[in-house]
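Residue numbers (this note's numbering): 1 to 126.
All C-beta atoms in this analysis are idealised placements derived from N, C-alpha and C, irrespective of residue type, glycine included.
Every value quoted in this text rests on a predicted model; they were computed, and no experiment measured them.
This report refers to the structure that appears directly beneath it.
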Amino acid sequence: MRLPFVPVRSLSRVCALGLMVTLMGCMPDNEASAPLGYGLAGYDPNAEVRAEESCLARGGTYGTGGAAGLKVCYETPKDAGKSCSKSTDCESQCLARSKSCAPLKPVFGCSSILDSLGREVTLCTD
Numbered sequence: 001m002r003l004p005f006v007p008v009r010s011l012s013r014v015c016a017l018g019l020m021v022t023l024m025g026c027m028p029d030n031e032a033s034a035p036l037g038y039g040l041a042g043y044d045p046n047a048e049v050r051a052e053e054s055c056l057a058r059g060g061t062y063g064t065g066g067a068a069g070l071k072v073c074y075e076t077p078k079d080a081g082k083s084c085s086k087s088t089d090c091e092s093q094c095l096a097r098s099k100s101c102a103p104l105k106p107v108f109g110c111s112s113i114l115d116s117l118g119r120e121v122t123l124c125t126d
């Protein structure tokens, strides 16, 4: 059985048209649908200011953290320093050496912690 000949040029035009129609479905209906104060792709130029304000309102300290030096909210968990035997005993992490809940969250770097079954593991967080 012989298939009918379809010119490549026609086939590529049909594919291009199909792609355009598909991509049109991804576009917003109008520019008014984007919230005020937001730029392209939902970027909020005030996001960092809002994050810092939210952190301070919760009693945290806003600063850099991890190897990348990204901004993060450091908070003291309610159970900081409490005795623990597994990770589920703590809001943050159960530190293996002291068998106590971490005094701060998040914890960056490599730490020996107790997992949910009470086993000692090393967790590295950047």
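- Under the three-state reduction of DSSP output, residue 110 falls in the strand class.
- Between the region 84–94 and the region 102–109 there are three or more C-beta pairs closer than 8 Å, enough to call the two in contact.
- By the criterion of a C-beta distance shorter than 6 Å, residue 66 is surrounded in its chain by 108, 126, once the five residues flanking it on both sides are discounted.
- Taking the C-beta atoms as reference points, residue 116 is found no nearer than 8 Å to residue 76.
- For residue 53, the three-state secondary structure derived from DSSP is helix.
- A Cβ-Cβ distance of about 5 Å is found for the pair residue 79 and residue 101, placing them in contact under the 8 Å criterion.
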